[in-house]
């Protein structure tokens with residue numbers, strides 16, 4: 080780059096387009112865009128070839144975790160690492176919620192909440208869901224103490240989180256299927272403990288909603304690209320056929336045959 084005036088004409092990379100797409104997904108999740116606007120802007124993002132075409136797409140949207148106006152960077156900054164450090168908020172935050180009870184009913188903790196160092200929950204003839212996929216963490220290690228009596232509690236964790244299960248099942252059980260999966264560097268550790276009596280405590284590992292949406296969009300984009308490629312191949316094949324077998328000129332109806 081030689082000067083700022085030339086920057087909008089620089090070619091954008093796939094990584095640049097993905098950064099803009101991430102801002103659009105956050106805006107959709109926060110209700111700043113409806114599905115129609117999201118689809119239009121996403122299509123424009125993947126069609127953009129330069130920074131100048133990318134910049135207007137997010138000009139009226141705040142970036143992740145900010146209230147200012149985001150802009151597409153016109154410099155090639157190094158790619159940031161994982162976001163675990165930003166999601167472990169430390170000693171100053173005791174958690175959004177520290178307990179939950181479901182008696183012949185249910186409870187949910189999901190979305191962008193802060194999981195405390197210890198979360199206690201009780202389910203009797205009911206069920207609960209503790210979803211950590213978009214959560215922040217009060218510490219690098221948190222404990223979920225679940226007591227399920229003729230009920231159930233589901234714990235949902237994102238990929239990269241280490242899970243340790245230490246609960247006791249009495250005519251019930253704790254799900255150990257996600258144990259033993261190594262955690263990513265800097266990721267939190269979730270310890271699931273408690274008692275299940277005629278009930279169960281399940282642990283599931285699922286992709287965050289934004290990542291699921293990104294994968295769906297990626298598959299959709301690949302499908303469109305394959306369709307476009309097939310169309311170009313068909314047009315090329317047809318053109319080759321016409322070049323090899325040109326159409327005969329129609330005979331002039333007024334022309335007389337020489338006998």
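Numbering (this note's numbering), first residue to last: 80 to 338. Here a beta-carbon is modelled for each residue, glycine too, at the ideal position from N, C-alpha and C.
Counting along the chain, residue 106 sits inside the alpha helix (DSSP H) bounded by residues 93–108. The stretch 219–306 is shown to contain whole beta strand (DSSP E) runs of 3 or more residues at 220–228, 231–236, 241–244, 247–249, 268–276 and 279–284, in chain order.
CA-to-CA, the gap between residue 141 and residue 316 works out to about 47 Å. Residue 213 sits in coil when the DSSP states are folded into three classes, being neither helix nor strand. Here the C-alpha atom of residue 128 lies approximately 55 Å from the C-alpha atom of residue 278. The beta carbons of residue 208 and residue 189 sit about 7 Å from each other, so the pair counts as a contact at 8 Å. DSSP places residue 128 in the coil class of the three-state scheme, outside both helix and strand. If you look at residue 166, you'll find it in the alpha helix (DSSP H) that goes 163–166. A straight-line Cα-Cα distance of about 15 Å links residue 305 and residue 126. In this structure, the straight-line span from the alpha carbon of residue 201 to that of residue 181 is close to 6 Å. Put simply, the backbone Cα of residue 121 is about 7 Å away from that of residue 103. In the structure shown, residue 118 falls within a helical segment according to DSSP collapsed to helix, strand and coil. Here residue 223 is buried: its Cβ has 16 or more other Cβ atoms, across all protein chains shown, within 10 Å. Nearest to residue 134 by alpha-carbon distance, out of 164, 272, 88 and 107, is 88. The DSSP-derived three-state label of residue 137 is helix.
It is roughly 44 Å from the alpha-carbon of residue 131 to the alpha-carbon of residue 269. For the pair of segments examined, the stretch 255–263 was found not to touch the stretch 290–298: the number of CB pairs separated by less than 8 Å stays below three.
Cβ neighbours of residue 111 within its own chain (closer than 7 Å, five residues either side excluded): 140.
With respect to residue 168, residue 225 sits apart: the two C-beta atoms are not nearer than 8 Å.
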